[in-house]
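Trainee:
Protein chains: 2
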Amino acid sequence: MSITTPRGFAATGVAAGLKSSGRPDLALVRNLGPDFAAAGVFTSNRVKAAPVLWTERVLADSRLQAVILNSGGANACTGPAGFADTHRTAELVATELGIGAIDVAVCSTGLIGTRLDMAAIEAAVPDLVANADQSGGADAAVAIMTTDTVSKQADVTADGWSISGMAKGAGMLAPGLATMLVVITTDAVVQPATLRPALAEACRLTFDRLDSDGCMSTNDTVIVMASGASGSRPDPTELTAALTTVCDDLALQLLADAEGAAHNITITVRGAASEQEAVDVGRTIARNNLFKCAIFGQDPNWGRVLAAIGTTDAAFEPDQLDVSFNGVAVCVGGAIGEPRELVDLSGREVQVDVDLHAGGHTATIRTNDLTYDYVKENAEYSS
Amino acid sequence: MSITTPRGFAATGVAAGLKSSGRPDLALVRNLGPDFAAAGVFTSNRVKAAPVLWTERVLADSRLQAVILNSGGANACTGPAGFADTHRTAELVATELGIGAIDVAVCSTGLIGTRLDMAAIEAAVPDLVANADQSGGADAAVAIMTTDTVSKQADVTADGWSISGMAKGAGMLAPGLATMLVVITTDAVVQPATLRPALAEACRLTFDRLDSDGCMSTNDTVIVMASGASGSRPDPTELTAALTTVCDDLALQLLADAEGAAHNITITVRGAASEQEAVDVGRTIARNNLFKCAIFGQDPNWGRVLAAIGTTDAAFEPDQLDVSFNGVAVCVGGAIGEPRELVDLSGREVQVDVDLHAGGHTATIRTNDLTYDYVKENAEYSS
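Sequence order for the protein chains is H and G.
The numbering of the first sequence is the working numbering, which starts it at 1 and goes up by one.
The numbering of the second sequence is the working numbering, which starts it at 1001 and goes up by one.
(1) Mind reading off the beta-carbon distance from Ala132 of chain H to Ala229 of chain H? Whole number of angstroms is fine, and I expect it under 8 Å.
(2) With which residues is Asp117 of chain H paired in a DSSP beta bridge?
(3) Taking the alpha carbon of Asp117 of chain H as the point to measure from, which residue in H:Val350, H:Asp85, H:Val104 and H:Leu64 has its own alpha carbon closest?
(4) State the beta-bridge partners of Val1182 of chain G as determined by DSSP.
(5) Can you name the start and end residues of the beta strand (DSSP E) that Phe9 of chain H belongs to?
(6) According to DSSP, is Arg1340 of chain G helix, strand or coil?
(7) Could you check where the beta strand (DSSP E) with Val352 of chain H kicks off and where it finishes?
(8) Measure the CB-CB distance between Gly33 of chain H and Cys77 of chain H and report whether it falls below 7 Å.
(9) Give the secondary structure of Gly82 of chain H by DSSP, where H, G and I count as helix, E and B as strand, and everything else as coil.
(10) Please go through the same chain and pick out, in chain order, the residues whose beta-carbon is closer than 7 Å to the beta-carbon of Glu1122 of chain G, but skip the five residues on each side of it.
(11) Does the distance from the C-beta atom of Val156 of chain H to that of Ile265 of chain H stay below 7 Å?
(12) Check distances from the C-beta atoms of the segment 1107-1124 of chain G to those of chain H and list, in chain order, the residues that come in under 8 Å.
(13) Within 10 Å of its beta-carbon, does Gly169 of chain H have 16 or more other beta-carbons around it, so buried, or fewer, so exposed?
(14) Could you say which of H:Leu195, H:Ala188 and H:Ser108 lies nearest to Met180 of chain H if we only look at CA atoms?
(15) Between Leu1028 of chain G and Ala1016 of chain G, is the Cβ-Cβ spacing less than 7 Å?
(16) Do the segment 1283-1296 of chain G and the segment 372-381 of chain H touch if we need at least three Cβ pairs shorter than 8 Å?
(17) Where does Phe1042 of chain G sit, in a helix, a strand or coil, going by DSSP?
(18) For Thr1364 of chain G, which of G:Leu1097, G:Val1269 and G:Thr1371 has the nearest alpha-carbon?
(19) Just to confirm the assignment: which complete alpha helix (DSSP H) runs, minimum length 4, are found wholly within the segment 245-308 of chain H?
(20) Less than 7 Å between C-beta atoms, sequence neighbours within five positions excluded: which residues of the same chain meet that for Ser1021 of chain G?
(21) Among all the DSSP beta bridges, which residues are the ones paired with Thr237 of chain H?
(22) What residue range does the beta strand (DSSP E) around Arg366 of chain H cover?
(23) Name the chain G residues whose beta carbon is nearer than 7 Å to that of Leu370 of chain H?
(24) Taking Asn368 of chain H as the reference, give the member of H:Gln253, H:Gly360 and H:Gly334 with the closest Cα.
(25) Ala200 of chain H and Val182 of chain H look like a contact to me (Cβ under 8 Å); what is the Cβ gap, rounded to whole Å?
(26) To which residues of the same chain is Asp1373 of chain G closer than 6 Å at the C-beta, ignoring the five residues directly before and after it?
(27) Please confirm if the segment 148-155 of chain H is in contact with the segment 44-52 of chain H, defined as three or more CB-CB distances below 8 Å between the two stretches.
(28) Residues in its own chain within less than 7 Å of Ser346 of chain H by CB, not counting five upstream and five downstream?
(29) To the nearest angstrom, how far is it from the Cα of Val129 of chain H to the Cα of Leu97 of chain H?
(30) What does the Cβ neighbour count give for Ala1037 of chain G, buried or exposed, with the cut at 16 atoms within 10 Å?
(31) Just to make sure I have the definition right: I need the residues of chain H whose C-beta is within less than 9 Å of the C-beta of Ile1285 of chain G. Which are they?
(32) Taking 7 Å as the CB-CB cut-off, is Gly1260 of chain G touching chain H?
(33) Could you tell me whether any Cβ in chain H is nearer than 7 Å to the Cβ of Val1041 of chain G?
(34) Taking C-beta pairs closer than 8 Å, name the residues in chain G that Thr218 of chain H reaches, listed in chain order.
(35) Buried or exposed for Gln276 of chain H, please, with buried defined as at least 16 other CB atoms from any protein chain shown within 10 angstroms of its CB.
(36) Figure out for me which residue from H:Thr221, H:Ile336, H:Arg46 and H:Ala329 has the closest Cα to the Cα of Leu1111 of chain G.
Here you go:
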């Protein structure tokens, strides 16, 4: 299964020479129709890369025929010249396909603040377009990898139609999207007016609740394209559920492959006065470096959890906070609960439960621990 | 010079057995008068340790005769029993001195969520009180250390009066005070109505602008006591300036001793629409783990600075942002400036300058890099 499993899509990935390693770095995903419905969700960072600014613009008409994605350079903070590079990339693809550049989205990932090697892209596009076919989904997923150790794909097969996605992302994973590029394809017949809110809802509950290192990227992009090639017309609820399943699967794969992480941490906040306050508390814990180091050290240091909660504006009373690690209630009523020695944090998965006792709302945030390898990857290599 | 250099103060530090290492862990600072004016500034964390709750209460009358400080346990998140321990500690000192517990402040630092060894404190207090004298300031500064590698003292000598301070703090250093205990003494004659705003202003411009690891403590306390023993009456401006100098000196010592840090980073944000926005932008950069790792790796990765700025609500246009590292303008107008290879980050001190071009306000935030040793100290040892 790959993004070319749903009918009406072609894809490929090649090595254009953008990466000094010589690994694949340029991917194309084409929608062959008969429909060309599309929607996108983008980083909420106010410093947006040129391809984000371009793709927001081309998606204004909710129509897309192709997405070209490069790793090996984010094309962010590159000024008007960088935007011209993105525009030129879309035009190269459009010319080969005999369509307008306005139907070609562009995604980029890699180091911020360097220009792309446009000569390499120009030389690679004709073959990229010529080679894209129904067997190329997996190659595309490989070509968008940066520090990812594995390619990431997910899919759902429904009654008569299917949906599939690919993702890249391993660092700078934070809210309002983890740092990532995601392309999702479906052969369902979907109107843009249905596709847009379905994608927004799926992202809200999945990628937006992933906060690996608190650092929001300039390039985050999620694009969904619907070809209509199956002829099936799922209702909006069914579509949103399938989209959410694919996004959640990809989000978990991003978390599992986060740079240098030794633990996947799931923080569930209950008893909040609102869902937003539950998210705020979960995110604040997820971003606390002392907490993240403690998990790496397999130390159920609930004091650091309370110290983090105390910096939020959420409704709670300090003497009513409960915290458990992997089911052991180490903090009850804001004070000492069961012995911390009962907690086993040797496994990869860690579950932290917080009860604010301030209402009926719940949210779950996923994060990683802070490790030597995280520092190493982000100190030794520019990205 | 120490906190017993200003006339009218006695102090000491002893090993009470709270630390398993056997190092000094209990300190006393007495104000011998004739005045007993005092003021305090405390953590803005909503989860406050018992000694913070107690000391806020005893400072309500702006009068203090003694402060007892323990390392080896934060007495935070310990519930009503923990508060009773703090109250009891104040009473033990008060009984020995023949004064009321309401004139005795208590400060604690160490692991959150464990009870103090009250038997050890009870056994140590009589000697602590008996030994406190004018030569004991330096011993007190040593007894409050936790992961600090050096004790921290600072002072200013003015015309006929002086002011001196001691501090501890090396981790959980973040806003609204770095994690720290600070006691400042002066022999000036100062009314409480002058002392309180002077301390608040001094903290606002020094400790509040220190953000080593973004983690706010439950125990932060700054106390100033004025004995009036010099008979000198500085005007409020002069007092505030001297207090600010002492606090700034101590803040720099905290930064230099931050757990595992390899660089001291000074982030100056100019051209902000307000001072608060300048502070917000500086703090957001200071808390960005990718930026902090890059500095550790001596990589002037200005893209990570822009990505951090882009997550704030401050007024700016992305294509007008300037960033320089150690004077090299690596980013101009939101795009590529001078070559990053010109930047030398091999020294301990790093200066990052940001110009938002959105107004006339400036602020400076100080932070540290994120290193293997930070992770090691905070993963391997509970604190």
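Ideal placement from N, C-alpha and C gives every residue a C-beta, glycine not left out.
As the structure is a prediction and not an experimental result, all values here were calculated from the model.
Mentor: The relevant details are as follows:
(1) Not quite, the Cβ-Cβ distance comes to about 16 Å (not below 8 Å), so this is no contact.
(2) Paired residue(s): none; Asp117 of chain H is not in a bridge.
(3) H:Asp85
(4) G:Ala1167 and G:Val1222
(5) Phe9 to Val14
(6) Of the three classes helix, strand and coil, the one that applies to Arg1340 of chain G here is helix, per DSSP.
(7) Glu349 to Asp355
(8) no
(9) In the three-state scheme derived from DSSP, where H, G and I count as helix and E and B as strand, Gly82 of chain H is classed as helix.
(10) Leu1092
(11) no
(12) Leu1111, Ile1112, Gly1113, Thr1114 and Arg1115
(13) buried
(14) The shortest Cα separation from Met180 of chain H among H:Leu195, H:Ala188 and H:Ser108 belongs to H:Ser108.
(15) no
(16) yes
(17) strand
(18) G:Val1269
(19) 275-286 and 289-296
(20) none
(21) Paired residue(s): none; Thr237 of chain H is not in a bridge.
(22) His361 to Asn368
(23) Within chain G, the residues near Leu370 of chain H are Val1375.
(24) It is H:Gln253 whose Cα lies nearest to the Cα of Asn368 of chain H.
(25) Incorrect: roughly 13 Å between the Cβ atoms, too far for contact.
(26) Gly1260
(27) The segment 148-155 of chain H makes no contact with the segment 44-52 of chain H: fewer than 3 CB pairs, one atom from each, lie closer than 8 Å.
(28) Gln298
(29) 7 Å
(30) Its Cβ being crowded by 16 or more others within 10 Å, Ala1037 of chain G is buried.
(31) Residues of chain H whose Cβ lies closer than 9 Å to the Cβ of Ile1285 of chain G do not exist; the shortest such Cβ separation is about 11 Å.
(32) no
(33) no
(34) Gly1303, Leu1306, Ala1307 and Gly1310
(35) exposed
(36) Here the closest residue by C-alpha is H:Ile336.
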